[in-house]
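J.:
Number of protein chains: 2
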Amino acid sequence: MNYTRIYDISMPITLDMPVYKGKPEKKPSIIVESDYSTGNFYESRISMNLHTGTHLDRTLHMVKDGNTIENLSLDRVITPCKVLDLTTAIECISKSNLMKKDIQEGDFLLLKTRNSFEDILEENFIYLDKSGAEYLASKKIKGVGIDALGIERSQPNHETHLQLMKEDIQILEGLRLQDIEEGEYFLFAAPINIAGAEAAPVRAVLLQ
Amino acid sequence: MNYTRIYDISMPITLDMPVYKGKPEKKPSIIVESDYSTGNFYESRISMNLHTGTHLDRTLHMVKDGNTIENLSLDRVITPCKVLDLTTAIECISKSNLMKKDIQEGDFLLLKTRNSFEDILEENFIYLDKSGAEYLASKKIKGVGIDALGIERSQPNHETHLQLMKEDIQILEGLRLQDIEEGEYFLFAAPINIAGAEAAPVRAVLLQ
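One line per chain: the protein sequences are A and B, in this order.
FYI, in the numbering used here the residues of the first sequence are 71 to 278.
FYI, in the numbering used here the residues of the second sequence are 71 to 278.
1. Against chain A, with Cβ distances strictly below 8 angstroms, would B/Arg273 count as a contact?
2. Throw me the rounded Cβ distance for the B/Leu242 and B/Thr149 pair, which I believe falls under 8 angstroms.
3. Whose C-alpha, out of A/Asp199, A/Arg75, A/Asn72, A/Gly215, is nearest the C-alpha of A/Asp177?
4. Alpha carbon to alpha carbon, how far is B/Leu245 from B/Gln225? Give it in angstroms, no decimals.
5. Among A/Ile160, A/Ile83, A/Asn167, whose alpha-carbon lies nearest the alpha-carbon of A/Ile190?
6. From which residue to which residue does the alpha helix (DSSP H) around B/Gly202 run?
7. Going along the chain, which unbroken runs of the beta strand (DSSP E) with 3 or more residues stay wholly within the stretch 109 to 152 of chain B?
8. List the residues of chain B that A/Met235 touches, going by C-beta distances under 8 angstroms, in chain order.
9. For chain A, check one thing: does any of its Cβ atoms lie closer than 8 angstroms to the Cβ of B/Met169?
10. Going along chain B, which residues have a C-beta under 8 angstroms from A/Arg146?
11. Where do the ends of the alpha helix (DSSP H) carrying B/Glu229 lie?
12. Alpha carbon to alpha carbon, what distance is there between B/Gln278 and B/Ala218?
13. In three-state terms, what does DSSP make of A/Lys182?
14. Report yes if the C-beta distance between B/Ile221 and B/Leu247 is below 8 angstroms; otherwise report no.
15. To the nearest whole angstrom, what separates the beta carbons of A/Pro82 and B/Arg273, a pair I think is in contact under 8 angstroms?
16. Quick check: the stretch 117 to 137 of chain A against the stretch 92 to 102 of chain A, are there 3 or more CB pairs under 8 angstroms?
17. Under three-state DSSP, which class holds A/Gly220?
18. State the Cα-Cα distance for the pair B/Thr157 and B/Glu192, rounded to the nearest angstrom.
19. Can you list the residues of chain A that B/Asn263 reaches, using a CB-CB cut of under 7 angstroms?
20. Would you give the residue range spanned by the beta strand (DSSP E) that B/Ser104 belongs to?
21. Report the three-state DSSP secondary structure of A/Leu85 (helix, strand or coil).
22. Does the beta carbon of A/Glu140 sit closer than 8 angstroms to a beta carbon anywhere in chain B?
23. Which of the three DSSP states, helix, strand or coil, is assigned to A/Pro271?
24. When you compare each of A/Ile239, A/Thr84, A/Glu237, A/Glu103 to B/Glu140 by their alpha carbons, which one comes out closest?
25. Quick check on B/Asn227: buried or exposed, where buried means 16 or more other Cβ atoms within 10 Å of its Cβ?
26. How many Å lie between A/Arg37 and A/Ile196 at the Cα?
27. Could you tell me which residues DSSP pairs with A/Tyr77 in its beta bridges?
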């Protein structure tokens with residue numbers, strides 16, 4: 071393996087972390103089960119929605135009888151990738167934004183937006199709209215990640231997820247891309263293998 | 071990145087997975103919060119002890135005021151590694167077993183034992199004993215992983231953990247190495263970044 075730098079592009083999981091639309095049920099809880107006040111070791115437990123923090127969606131999230139975490143082939147998420155600088159997009163990322171970029175079949179794209187810099191993650195975050203998702207599906211990309219807790223918002227029929235999932239394009243949400251310049255990297259985004267689950271947490275890392 | 075194969079060396083997380091000493095409180099629970107009987111998406115939640123399945127220990131697990139997950143430098147767990155075949159060890163891995171192997175300063179070692187083949191994970195699993203841990207500490211290795219849910223058992227003062235932790239040697243537990251031959255690989259074992267935690271789940275992978 072040849073690389074010069076490891077970048078952590080994951081969100082820390084904390085009690086006060088930003089969560090999708092600020093919903094309290096999306097905040098994690100961490101329970102200390104043993105500590106040094108009563109014994110000679112420390113152990114804790116986590117309880118958390120699987121869409122909290124950096125995570126991978128599988129199609130079961132939006133499609134009845136969809137695929138789940140344990141059937142993911144790891145070469146879909148351990149792969150070369152391209153970070154696209156889309157920080158000038160104001161409201162969402164549309165086909166028109168993406169058409170300016172070099173996108174090829176089989177690419178795994180990470181969309182860097184204002185979300186990585188501004189305190190908008192819980193409310194009016196930048197998302198990928200239906201036209202953008204249709205465009206990426208037509209390009210037959212391998213996967214797409216975004217620095218938002220959802221790849222879409224306020225689209226009641228989940229058009230963005232469904233357009234991507236029709237082509238089995240992997241969806242990574244909750245990335246942190248503030249330190250990452252546009253360019254090519256190697257992505258490591260294998261999720262915790264929670265069998266049967268529609269999503270799972272990922273420690274996503276880029277190698278340069 | 072040049073590699074010919076990706077090996078998943080993690081345990082799937084399931085309701086009936088083997089857990090440390092078969093303790094019921096170490097079994098995960100997975101709760102479906104929304105599904106297609108009531109809406110148009112599926113979401114679930116996990117509640118689980120942080121030592122369930124494949125995970126990385128930090129020194130807080132055994133040392134008061136020890137270090138925690140968020141302070142881990144990722145180059146400690148994204149690193150070349152060596153898999154050692156120790157499948158002939160009957161009860162535990164001791165200094166005498168390890169002295170036969172080529173072990174150098176800075177190595178990350180994965181100990182492959184009978185645990186990967188036999189149904190002994192919840193009871194009399196093969197572990198690393200104090201003499202083995204002292205030997206690895208004296209070699210100043212970077213980390214050690216094992217195909218058991220604990221790197222030691224039935225040592226009330228946790229001598230194995232403490233010997234390793236004195237040298238800040240990373241400890242990976244719950245690996246599955248049945249398909250991995252002795253040799254050199256590239257290890258990817260970055261844990262979910264649960265801030266303040268003494269351990270965290272890892273999707274551990276080897277690249278060949």
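Where a beta carbon is used, it is the ideal one built from N, C-alpha and C, also for glycine.
Note that the coordinates shown come from a computational prediction; the quantities given were computed from them, not determined experimentally.
T.: From the atom records:
1. Among the CB atoms of chain A, one or more fall inside 8 angstroms of the CB of B/Arg273.
2. The beta carbons of B/Leu242 and B/Thr149 sit about 11 angstroms from each other, so the pair does not count as a contact at 8 angstroms.
3. Comparing Cα-Cα distances from A/Asp177 to each of A/Asp199, A/Arg75, A/Asn72, A/Gly215, the minimum goes to A/Gly215.
4. So the alpha carbons of these two residues sit roughly 21 angstroms apart.
5. A/Ile160 is the residue among A/Ile160, A/Ile83, A/Asn167 whose C-alpha sits nearest the C-alpha of A/Ile190.
6. Membership of B/Gly202 in the alpha helix (DSSP H) is indicated by the continuous run 200 to 208.
7. Taking only runs of at least 3 residues, the beta strand (DSSP E) segments lying wholly in the stretch 109 to 152 of chain B are 113 to 119, 125 to 127.
8. Chain order gives no chain B residues near A/Met235, where near means a beta carbon separation below 8 angstroms; the closest approach is about 12 angstroms.
9. Taking Cβ atoms only, chain A never reaches closer than 8 angstroms to B/Met169, which makes this a no.
10. Within chain B, no residue comes near A/Arg146; the closest Cβ sits about 10 angstroms away, beyond 8 angstroms.
11. B/Glu229 -> alpha helix (DSSP H) spans 229 to 236.
12. The straight-line gap from Cα to Cα measures roughly 22 angstroms.
13. When DSSP states are grouped into helix, strand and coil, A/Lys182 belongs to the strand group.
14. Contact annotation: B/Ile221 and B/Leu247 have beta-carbon atoms that are not nearer than 8 angstroms.
15. Not really, about 17 angstroms apart at Cβ, beyond 8 angstroms.
16. The stretch 117 to 137 of chain A is in contact with the stretch 92 to 102 of chain A.
17. Assigned with DSSP and collapsed to three states, A/Gly220 falls in coil, not helix or strand.
18. Approximately 18 angstroms, taken between the alpha carbons.
19. Ser80, Pro82, Ile83, Arg273, listed in chain order.
20. Segment 99 to 104, the beta strand (DSSP E) holding B/Ser104.
21. Here A/Leu85 sits in coil by DSSP.
22. Against chain B, the CB of A/Glu140 has a partner CB under 8 angstroms away; the residue lies at that interface.
23. Secondary structure of A/Pro271 (DSSP, three-state): strand.
24. For the residues A/Ile239, A/Thr84, A/Glu237, A/Glu103, the minimum Cα distance to B/Glu140 belongs to A/Thr84.
25. The residue in question, B/Asn227, is exposed, as its Cβ has fewer than 16 Cβ neighbours within 10 Å.
26. It is not possible to answer for residue 37 of chain A, since the shown part of chain A is limited to 71 through 278.
27. Per DSSP, A/Leu276.
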